[in-house]
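Everything below concerns the one structure shown next.
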Amino acid sequence: MNTSQKTVKLGAIAIGILLLLFLLFSFLTEPSTNSPPPPKAISNEKPAGGNFTLTSVNGKQSLTDFKGKLVLLYFGYTYCPDICPTDLGNLAMAYRRLNEQEKSQVQILFVTVDPARDTATRMAEYTRYFDANMVGLTGSEQEIASVAKQYGVVYMKAPTPSNATTENKNYTVDHSAFTYIIDKTGVLQTQIPHAMSPAQIQQQIKTYLTP
Amino acid sequence: MKRTLHNAIFTLTLGAMSTLSATHALANQADAIQVSDPYVREMPAGAFATASFMTLSNQSNQAIKLVKANSDVAKITELHTHTNDNGMMRMRQVPFFEVPANGQAELKPGGNHIMLISPTKTLKAGETATITLTFEDGSHKQIQAPVKSVMKMGGMDHSNHQHH
Ligand SMILES: [Cu+2]
Chain L
1 MNTSQKTVKL
11 GAIAIGILLL
21 LFLLFSFLTE
31 PSTNSPPPPK
41 AISNEKPAGG
51 NFTLTSVNGK
61 QSLTDFKGKL
71 VLLYFGYTYC
81 PDICPTDLGN
91 LAMAYRRLNE
101 QEKSQVQILF
111 VTVDPARDTA
121 TRMAEYTRYF
131 DANMVGLTGS
141 EQEIASVAKQ
151 YGVVYMKAPT
161 PSNATTENKN
171 YTVDHSAFTY
181 IIDKTGVLQT
191 QIPHAMSPAQ
201 IQQQIKTYLT
211 P
Chain B
212 MKRTLHNAIF
222 TLTLGAMSTL
232 SATHALANQA
242 DAIQVSDPYV
252 REMPAGAFAT
262 ASFMTLSNQS
272 NQAIKLVKAN
282 SDVAKITELH
292 THTNDNGMMR
302 MRQVPFFEVP
312 ANGQAELKPG
322 GNHIMLISPT
332 KTLKAGETAT
342 ITLTFEDGSH
352 KQIQAPVKSV
362 MKMGGMDHSN
372 HQHH
């Protein structure tokens, strides 16, 4: 082995040791930094529910406008890549399987938890996609927060990763993903969890439609 | 003697530096992975992101990590997971998906997915996205994922309940 080869070898060893030290160091120092924000509690008690007034593309709308209908209320946002389209898709599927008479007694409402980006127009465009006579509702940050509180909905902007560089538009929102079933008199009856199948939702609708 | 020791350290160091990659004795990881039922979810007009789902089957005796995905239909492609934190759905980027030895990893709604961010256009059912998967050893696999509508797929309802 000649000298230059030896130098290369020693160099590689030095780099290797430095790398190992660096890895060790980063393991040791990691835990204190970067801890996620403490999760807000989702209450296990049934939320109070109740009336609210928000804005659709056709102007102000209140829950009481839908008196006489079974209301399926969902909170999410249009930039939601997976959870909301799954749940809204399943709700829409369930709705579309109802007969005409049942359909006339059921209303799906979609309330945004991201009013900064979700305008009434955007909500209308988005809900139209699901082809289930859905109404999209938005409001001021404060109005949304107060409706969310009534229904025990929890949401917060996710800590944004690398891809938020260009415009600050790429944030996602963590949110609870229940569907609230409100009876024909406006009383909250139950909440059903994320990813219920259309058949399961249809069953729930039937249960609460029959007096 | 000293030389042998040097050689040993050298080998170990190189091993540490290259971690687990590029084990020449094995066939490449992409060849050991089979992809079934890939699809991309159709998106409502103007959506900012959508997701791709599929099942990855590992036909080797070693766990394989999918470390990266790229697509021709999105500016940014990331590996994501969801956690259901007492009803609170949190979506986070992850560095890899692991496919267990002789096992499967299922990418599905509400769980692990390949997130397509800032799509180059609104993806509609009937179109196809090309997705390139990169594994830990650097090997690639290219797949064609059809775009499917949540509604036409029956959402997450697997009861084969069709109205025609
Ligand atoms: Cu995602």
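From first to last, the protein sequence lines are chains L and B. Start counting the first sequence at 1; every next residue gets the next number (this note's numbering). Start counting the second sequence at 212; every next residue gets the next number (this note's numbering). By construction, the Cβ of each residue, glycine as well, lies at the ideal position given by its N, Cα and C atoms.
(request) Step through the CB atoms of chain B and report whether any lies within less than 9 Å of the CB of Val-154/L. (result) One-based indexing of the first sequence puts residue 154/L at position 154. Val-154/L counts as touching chain B.
(message) Let's see if you can read the secondary structure: which residues bound the alpha helix (DSSP H) around Asp-242/B?
(response) In the second sequence, residue 242/B corresponds to position 31, counting from 1. First-last of the alpha helix (DSSP H) with Asp-242/B: 240-243.
(request) Identify the contact partners of Ile-172/L in chain B, using a Cβ-Cβ distance below 8 Å as the criterion. (result) Taking the first residue of the first sequence as position 1, residue 172/L is located at position 172. Contrary to the premise, residue 172/L reads as Thr rather than Ile in this sequence. Residues of chain B passing the Cβ test: Met-302.
(request) Since I believe Ala-92/L is in contact with Ala-132/L (beta carbons under 8 Å), could you give me their beta-carbon distance rounded to a whole number of angstroms? (result) Along the first sequence, read from residue 1 onward, the residue named residue 132/L stands at position 132. Along the first sequence, read from residue 1 onward, the residue named residue 92/L stands at position 92. Correct: roughly 4 Å between the Cβ atoms.
(message) Threshold first: 3 residues or longer. Then list the beta strand (DSSP E) segments lying entirely within the region 303-365 of chain B, N to C.
(response) 308-310, 315-318, 324-330, 339-346, 351-359
(request) Return the chain-ordered list of same chain residues with a C-beta closer than 7 Å to the C-beta of Gln-204/L, the five sequence neighbours on each side being excluded. (result) Locating residue 204/L in the first sequence gives position 204, counting from the first residue. The answer, listed in chain order, is Ile-181, Ile-192.
(request) Have a look at Met-254/B, Leu-277/B, Phe-308/B and flag the residue whose alpha-carbon is nearest the alpha-carbon of Cys-84/L. (result) Along the first sequence, one-based indexing puts residue 84/L at 84. Selected option, being the one with the closest Cα: Met-254/B.
(request) Can you check DSSP and say which residues form a bridge with Arg-301/B? (result) Against the second sequence, residue 301/B aligns to sequence position 90. Per DSSP, Thr-294/B.
(request) With a threshold of 16 other CB atoms inside 10 Å of the CB of Gln-61/L, please say whether the residue is buried or exposed. (result) By 1-based counting over the first sequence, the position of residue 61/L is 61. Burial call: buried.
(request) Just the chain L side, please: which residues come within less than 9 Å of Pro-311/B by C-beta, in chain order? (result) Within the second sequence, residue 311/B is the residue found at index 100, counting from 1. Per Cβ cutoff of 9 Å: no residues; Pro-311/B is ~23 Å from chain L at best.
(message) Is Ala-262/B close to ligand 1? I mean its beta-carbon at under 8 Å from any heavy atom of the ligand.
(response) Your numbering for residue 262/B matches position 51 in the second sequence. Flag set: Cβ of Ala-262/B near ligand 1.
(request) Could you tell me which residues DSSP puts in a beta bridge with Val-173/L? (result) Here residue 173/L refers to the residue found at position 173 when the first sequence is read from its first residue. Paired residue(s): Lys-157/L.
(message) Taking the alpha carbon of Ile-325/B as the reference point, which residue from Gln-315/B, Gln-304/B, Met-299/B has its own alpha carbon closest?
(response) Residue numbering aside, residue 325/B sits at position 114 when the second sequence is read from its first letter. Here the closest residue by C-alpha is Gln-304/B.
(request) Go ahead and pull the three-state DSSP assignment for Ser-146/L. (result) Counting from 1 along the first sequence, the entry for residue 146/L is found at position 146. Here Ser-146/L sits in helix by DSSP.
(message) Please classify Ala-177/L as buried or exposed, where buried requires at least 16 neighbouring CB atoms within 10 angstroms.
(response) The residue you call residue 177/L lines up with position 177 of the first sequence. Buried is the call here.
(message) What are the residues in the region 101-129 of chain L lying within 9 Å of chain B by C-beta distance?
(response) Arg-117, Arg-122, Glu-125, Tyr-126, Thr-127, Arg-128, Tyr-129
(request) Using a cut-off of 7 Å between C-beta atoms, extract the partners of Asn-262/B located in chain L. (result) Here residue 262/B is taken as the residue at index 51 of the second sequence, counted from 1. Before going on, a small fix: residue 262/B reads as Ala here, not Asn. Here the neighbours are Pro-81, Asp-82.
(request) Measure the beta-carbon distance from Gly-136/L to Asn-51/L and round it to whole angstroms, keeping in mind my assumption that it falls under 8 Å. (result) Position 136 of the first sequence, counting from 1, holds the residue named residue 136/L. Position 51 of the first sequence, counting from 1, holds the residue named residue 51/L. In fact, because the Cβ distance is near 18 Å, the residues do not count as touching under 8 Å.
(request) Kindly indicate the opening and closing residues of the alpha helix (DSSP H) around Ala-265/B. (result) For the purposes of this step, residue 265/B is identified with residue 54 of the second sequence, where counting begins at 1. With the sequence shown as reference, residue 265/B is identified as Met, and Ala is not the correct amino acid for it. Run containing Met-265/B: none in the alpha helix (DSSP H); it sits in the beta strand (DSSP E), 260-269.
(message) Can you check whether the C-beta of Pro-47/L is within less than 9 Å of a C-beta belonging to chain B?
(response) For the purposes of this step, residue 47/L is taken as residue 47 along the first sequence, with counting starting at 1. No, no contact with chain B.
(request) Inspect the CB distances between the region 335-344 of chain B and the region 62-81 of chain L and report whether three or more fall short of 8 Å. (result) no
(request) Go ahead and pull the three-state DSSP assignment for Pro-249/B. (result) Taking the first residue of the second sequence as position 1, residue 249/B is located at position 38. Strand at Pro-249/B.
(request) Confirm the yes/no value for this check: CB of Asp-82/L, any heavy atom of ligand 1, distance under 8 Å. (result) Here residue 82/L is taken as the residue at index 82 of the first sequence, counted from 1. Within the cutoff, so yes.
(request) Leaving out five residues on either side along the sequence, give the residues of the same chain with a beta carbon under 6 Å from the beta carbon of Thr-331/B. (result) Taking the second sequence and counting its residues from 1, the one referred to as residue 331/B is at position 120. Correct list, in chain order: Val-284.
(request) Taking 9 Å as the cut-off, decide whether the C-beta atoms of Val-358/B and Lys-335/B are in contact. (result) Residue 358/B sits at position 147 when you count from the first residue of the second sequence. Residue 335/B sits at position 124 when you count from the first residue of the second sequence. Cβ distance < 9 Å, so Val-358/B and Lys-335/B count as in contact.
(request) Using a Cβ-Cβ cut-off of 9 Å, state whether Glu-30/L counts as contacting chain B. (result) By 1-based counting over the first sequence, the position of residue 30/L is 30. With a pLDDT of 37 at Glu-30/L, under the threshold of 50, the modelled position of this residue cannot be trusted, and the question is left open.
(request) Would you kindly work out how many angstroms separate the C-alpha atoms of Gln-273/B and Ala-312/B, rounded to a whole number? (result) For the purposes of this step, residue 273/B is taken as the residue at position 62 of the second sequence. For the purposes of this step, residue 312/B is taken as the residue at position 101 of the second sequence. Computed Cα separation, rounded: 4 Å.
(request) Within the same chain, show all residues whose beta-carbon is closer than 6 Å to that of Arg-301/B, passing over the 5 residues directly before and after it, in chain order. (result) In the second sequence, the residue the question calls residue 301/B occupies position 90. Only Thr-294 meet the Cβ criterion.
(message) Less than 9 Å between CB atoms is the rule here; does Ser-329/B satisfy it with respect to chain L?
(response) For the purposes of this step, residue 329/B is identified with residue 118 of the second sequence, where counting begins at 1. Yes, Ser-329/B counts as interfacial toward chain L.
(message) I want to verify the contact list: residues of chain L whose CB lies under 9 Å from the CB of Ala-256/B, in sequence order.
(response) Counting from one through the second sequence, the residue named residue 256/B turns up at place 45. Glu-125, Tyr-126, Arg-128, Tyr-129, listed in chain order.
(request) Pull up the CB-CB distance for Ser-263/B and Ala-356/B, whole angstroms please, since I reckon it's below 8 Å. (result) If you number the second sequence from 1, residue 263/B lands on position 52. If you number the second sequence from 1, residue 356/B lands on position 145. Correct: roughly 5 Å between the Cβ atoms.
(message) Taking the alpha carbon of Leu-290/B as the reference point, which residue from Gly-298/B, Lys-319/B, Ala-243/B has its own alpha carbon closest?
(response) On the second sequence, position 79 is the one that residue 290/B refers to. It is Lys-319/B whose Cα lies nearest to the Cα of Leu-290/B.
(message) Nearer than 8 Å: is that true of the beta carbon of His-324/B relative to any heavy atom of ligand 1?
(response) The residue given as residue 324/B occupies position 113 in the second sequence. Answer for His-324/B: yes, Cβ within range of ligand 1.
(message) On the DSSP bridge list, what partners appear for Lys-279/B?
(response) Here the question's residue 279/B lines up with position 68 in the second sequence. DSSP, once it has assigned bridges, lists Thr-345/B as partnering Lys-279/B.
(request) Mind listing the chain B neighbours of Thr-78/L? Cutoff is C-beta to C-beta under 9 Å, in chain order. (result) Sequence index remark: in the first sequence, residue 78/L carries index 78 (1-based). Chain B residues near Thr-78/L: Pro-255, Gly-257, Ala-258, Phe-259.
(message) Between the alpha carbons of Leu-63/L and Tyr-250/B, how many angstroms are there, rounded?
(response) In the first sequence, residue 63/L corresponds to position 63, counting from 1. In the second sequence, residue 250/B corresponds to position 39, counting from 1. About 37 Å.
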